[in-house]
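Chains V and E, in that order, give the protein sequences. Residues 986 to 1443 (this note's numbering) are what the first sequence spells out, left to right. Residues 458 to 557 (this note's numbering) are what the second sequence spells out, left to right. C-beta atoms are modelled at their ideal positions from N, C-alpha and C, and glycine is treated no differently. All values reported here derive from a predicted model rather than from experimental measurement. One structure is given below, encoded as structure tokens.
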Amino acid sequence: MSALPLFAHDRPAAVIAYRRGRPISAAQFLHDVRALVARLPAGTHVLNFCDDRYCFAVGLAASLVSGKVSILPSTHTPEVIRHLRAFAPDVFCLTDDPQCPIELPQLLLMESAVALNGNSPAPGRFQVPQIDGGQLAAYVFTSGSSGAPVPHAKTWGRLVRCVRAEMTRLAPIDPAGCAILGTVPAQHMYGFESTVLLPLQSGAALCAERPFFPADIPAALRALPRPRVLISTPVHLRALLTAEQALPALELIVSATAMLPANLAREVESRYGATLLEIYGSTETGQMASRRTALEDQWWLWPGVRLTVSNGHCSAHGGHVERPIALADVLEPTGDEHFVLHGRTADLVNIAGKRSSLAYLNHQLNAIPGVIDGAFFVRDDSQASLAGVTRLAALVVAPKLDAASIIQALRARIDAVFLPRPLLLVEQLPRNATGKLPQHTLLALTAQAAVQQPHLFA
Amino acid sequence: MSEHALPTQTTPHIDALALEREIAQLIVKGLNLPMQPEEIDPEAALYGEGLGLDSIDILEIALIVSKQYGIQLRADNQENARIFTSLRNFAQYVAEQRIK
């Protein structure tokens, strides 16, 4: 397979990143990458845990140049790390946190050790590394129902083709020369593609910071020159509006990870005067469609991607999706290049961009010593200030445990966003004749508990 | 956010414990926590161990204190490590920073 460049910036002085408003040149980036390559240990699998997005990009590039594979789980619980060690025994953790809690051999990439010269082109010949398109670049993971994370291999060629397709759908915005700020972590598939690979492949500049609170976002944007792009999620966009935050001028806002309600999209566009593009994708396929949610229902597939429906199940193939991949969501094709998204498959839960399945969560819950039976289910927190954010509840049979100790045990196994609110202890689960737990029975039992133990509910 | 800040000395003095209780109530209600406000250990960490809040919860809390007290939390605030150490420290920060 043909070689593809590590990045599209074609001059040593081209800005490839900003950190705290200071530009970092492509030459400096290459210098930092070479310095890290010299320090990398022998193992071929790199858990890139860097929180600073510039450090993450340096780590990714150094791994690619050295033929190493980036390991990108969406959560880092001790349980997930244990599975990763079994999956890739030589895995080591590249981190920018001196107090990094990951129980793996660690290589510290201090934020202060890279991009020291910021603006000035570093010495050395400026030659953009070429990476073979067939090289295995990363493993991303979904949660399997058996309890082990399921790896999905991503070649460099597939990742590059995906974000090059994304670039064509951002029109009329040309990302080259834009500063791209993200509220999502680089380790998440959407963040990996849109806040790291997109800037590298389009000649844009990534932003090292990850703003979190509503007031962080305007401050981070103000530190960047125009044109500006904000890569975010429905949760952060809702929080911006709720906090009545003003934003400096920006050209484009992108949202993904969860369905964006059309009224929220319209409110964001009118409040901030920017086009809002929503992206659809999955860990398995990568990003594959987009829509202007304020104006249209239908999704526009990325170049070359097609949908096939058989036996009620939809799969995607073509373009950057090399082999047909079954989709977990319910999609209805409305033409060769368009579809309507009817929702997520019932078993999947997606909270703040972290995806899991009820089957996986139930497996973890029932694996806790002392838990006799237990089940997670989705509750509707429509009264919360971040309305529409999915939260889970759980019913548990565990006569010898209390709720606090079960939560404590769960915390070591599953990401905190999936912890049940509330966790109700019951004498037995309302299983039907086939052993299933109908959702309406679970909700009824919860409603009953809400009357008996009102303090467990807001 | 409109800044109709009153001069500090005319802001009604609120007893620190009362403010702590008020914030505990707002957090338990806003976050649907499975506990009574008075069950929150004022000395226990808000994140991770202790109260066990996650990042969406912290974002919710940011919205609550923005609406209720006019405080804008910031990720690059050097004091964050201290602020989120406990409900008590958080309440003290709110008392210092509130503009309504």
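**OP:** Could you work out which residues of chain V lie near E:Arg-531, taking near to mean beta carbons separated by less than 8 Å?
**Re:** Phe-1198, Ala-1200, Asp-1201, Ala-1204
**OP:** Grab me the residues of E:Glu-477's own chain with a C-beta within less than 8 Å of its C-beta, minus the 5 sequence neighbours each way, in chain order.
**Re:** Pro-499, Leu-544, Arg-545, Ala-548
**OP:** Using DSSP bridges, identify the partner residues of V:Val-1363.
**Re:** V:Leu-1377
**OP:** Would you mind telling me which residues of chain E sit closer than 8 Å to V:Arg-1406, beta carbon to beta carbon, in chain order?
**Re:** Leu-488, Asn-489, Leu-490, Pro-491
Original post:
Just how far apart, CA to CA, sit V:Ala-1200 and E:Gln-529?
Top reply: 6 Å
Original post:
What does V:Cys-1078 pair with, by DSSP beta-bridge criteria?
Top reply: V:Leu-1032, V:Gln-1091
Subject >> Inter-residue Cα distance where the pair is V:Pro-983 and V:Gly-1006 >> reply: The structure shown does not extend to residue 983 of chain V, since chain V spans only 986 to 1443, so no value can be given for it.
Original post:
Buried or exposed: where does V:Lys-1053 fall if 16 or more other Cβ atoms within 10 Å of its Cβ makes it buried?
Top reply: buried
**OP:** Kindly indicate which residue of V:Pro-1134, V:His-1221, V:Ala-1138 has the alpha-carbon position closest to the one of E:Ser-512.
**Re:** V:His-1221
Original post:
Does the region 1026-1040 of chain V touch the region 1054-1074 of chain V, meaning 3 or more C-beta pairs lie closer than 8 Å?
Top reply: yes
Subject >> Proximal residues to V:Phe-971 (C-beta, below 6 Å), its chain only, five neighbours per side dropped >> reply: What the structure shows of chain V is the stretch from 986 to 1443, and residue 971 of chain V is not part of that stretch, so it cannot be assessed.
Subject >> Buried/exposed call for V:Ala-1176, threshold 16 Cβ in 10 Å >> reply: The residue asked about is misnamed: residue 1176 of chain V is Gly in this sequence, not Ala. V:Gly-1176 is buried by the Cβ-count criterion.
Original post:
Residues in the region 1224-1252 of chain V with C-beta within 7 Å of chain E's C-beta atoms, listed in sequence order?
Top reply: Ala-1224, Thr-1227, Ala-1228, Glu-1229
Original post:
Under a three-way DSSP split, which group does V:Leu-994 fall into?
Top reply: According to the sequence shown, residue 994 of chain V is His rather than Leu. Looking at V:His-994 - three-state DSSP - the assignment turns out to be coil, as it is neither helix nor strand.
**OP:** Please look up how many angstroms separate the CB atoms of V:Tyr-1039 and V:Ala-1193, rounded, as I've assumed it's under 8 Å.
**Re:** 4 Å
Original post:
Which of helix, strand or coil does DSSP assign to V:Val-1253?
Top reply: helix
**OP:** To the nearest angstrom, report how far apart V:Gly-1289 and V:Asn-1296 are at their CA atoms.
**Re:** 23 Å
Subject >> Sub-8 Å separation of V:Ala-1042 and V:Ala-993 beta-carbons >> reply: no
Original post:
Does the beta-carbon distance from V:Arg-1416 to V:Leu-1422 come in below 8 Å?
Top reply: yes
Original post:
Do the region 1379-1393 of chain V and the region 1333-1344 of chain V make contact, defined as three or more Cβ pairs closer than 8 Å?
Top reply: no
Original post:
Under 8 Å between C-beta atoms, does V:Val-1315 make it to chain E?
Top reply: no
Subject >> Other residues of its chain near V:Ala-1274: CB distance less than 8 Å, five sequence neighbours each side excluded >> reply: Ile-1264, Tyr-1265, Gly-1266, Trp-1284, Trp-1285, Leu-1286, Trp-1287, Val-1290, Phe-1324
Original post:
Ordered along the chain, which non-local residues of its own chain (more than five positions away) have a Cβ less than 7 Å from that of E:Asp-514?
Top reply: Leu-488
Subject >> DSSP beta-bridge partners of V:Ser-1275 >> reply: V:Ile-1264, V:Trp-1285
Subject >> Listed by chain order, chain V residues near E:Ile-484 by CB distance under 7 Å >> reply: The premise fails here: E:Ile-484 is roughly 10 Å from chain V at the closest Cβ pair, so nothing lies under 7 Å.
**OP:** Take E:Ile-540 and list the residues in its own chain whose beta-carbon comes closer than 7 Å to its own, dropping the five residues that flank it on each side.
**Re:** Asn-546, Phe-547, Tyr-550
**OP:** Name the residue from V:Pro-1354, V:Phe-1362, V:Leu-1182, V:Leu-1191 whose alpha carbon lies nearest to the alpha carbon of V:Ala-1383.
**Re:** V:Pro-1354
Original post:
For V:Cys-1078, which of V:Ile-1056, V:Pro-1309, V:Pro-1114 has the nearest alpha-carbon?
Top reply: V:Ile-1056
**OP:** Determine whether the Cβ of V:Ala-1337 lies closer than 8 Å to any Cβ atom of chain E.
**Re:** yes
**OP:** Would you list, in sequence order, the uninterrupted beta strand (DSSP E) runs of no fewer than 3 residues that lie entirely inside the region 1184-1222 of chain V?
**Re:** 1190-1192, 1213-1217
Original post:
Taking C-alpha atoms, which residue in V:Leu-1343, V:Asn-1351, V:Leu-1350, V:His-1348 lies nearest to V:Phe-1362?
Top reply: V:Leu-1343
Subject >> Own chain, CB closer than 8 Å to V:Gln-1413, minus 5 neighbours either side, in chain order >> reply: Asp-1358, Val-1382
Original post:
Around the C-beta of V:Lys-1139, are 16 or more other C-beta atoms found within 10 angstroms, so that it is buried, or is it exposed?
Top reply: buried
Subject >> Cα-Cα separation between V:Ile-1066 and V:Ile-1087, rounded to whole angstroms >> reply: 7 Å
Original post:
CB of V:Val-1169 to nearest heavy atom of the ligand HEM: below 7 Å?
Top reply: For the structure depicted, the ligand HEM is absent and the ligand set is empty, with no information on it obtainable.
**OP:** Confirm, please, whether the CB-CB distance from V:Gln-1186 to V:Pro-1203 is below 8 Å.
**Re:** no
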